[in-house]
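In what follows, a structure is listed as structure tokens, so that the remarks can point back to it.
In our numbering, the protein residues as written are 18 to 163.
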């Protein structure tokens with residue numbers, strides 16, 4: 018597929034609802050855990066779950082153009098660098114030659130070389146910021162279809 022410079026509100030809403038559903042399921046699961054063994058199991062499970070959920074967050078918008086996203090450390094670019102590092106670098110954050118990502122200002126606070134092990138708070142902040150950026154930079158108005 019060629020790069021995309023816009024998405025519809027329906028595409029955004031559908032993608033967001035899938036992530037919201039997964040987060041709700043995680044919260045139900047986490048809410049049932051009270052014994053030490055269950056808490057320990059959740060701590061082992063959670064980073065892999067949120068790393069996988071990051072891939073699901075990115076996928077519907079994977080063809081977004083850098084011309085639109087820019088090359089600064091915004092949430093869209095942070096997700097791109099994290100996803101690339103998960104897929105191609107064994108889950109350790111690698112620098113990008115195209116994107117400037119500063120751990121001091123990034124949402125996750127991860128630095129080059131850090132192992133990517135997202136927790137619920139990091140993921141929720143990153144997903145919220147990601148969707149704000151998608152909406153701001155890529156969503157076309159329904160009137161543009163008429």
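Just so it is clear, CB atoms sit at the ideal spot from N, CA and C, and this is done for glycine as well.
The Cβ-Cβ distance between residue 148 and residue 76 does not fall below 9 Å. Residue 115: not part of any alpha helix (DSSP H); DSSP gives it neither H nor E.
In the structure shown, residue 111 falls within a coil segment according to DSSP collapsed to helix, strand and coil. Shown here, residue 134 sits in coil according to DSSP, grouped into three states, outside any helix or strand. Residue 21 is bridged by DSSP to 81. In this structure, residue 136 sits away from residue 109, with a CB-CB distance that is not shorter than 9 Å. A distance below 9 Å separates the beta carbons of residue 50 and residue 59. Annotation for residue 158: no alpha helix (DSSP H) segment contains it, and DSSP assigns it neither H nor E. Here residue 89 carries a coil assignment [DSSP, helix/strand/coil].
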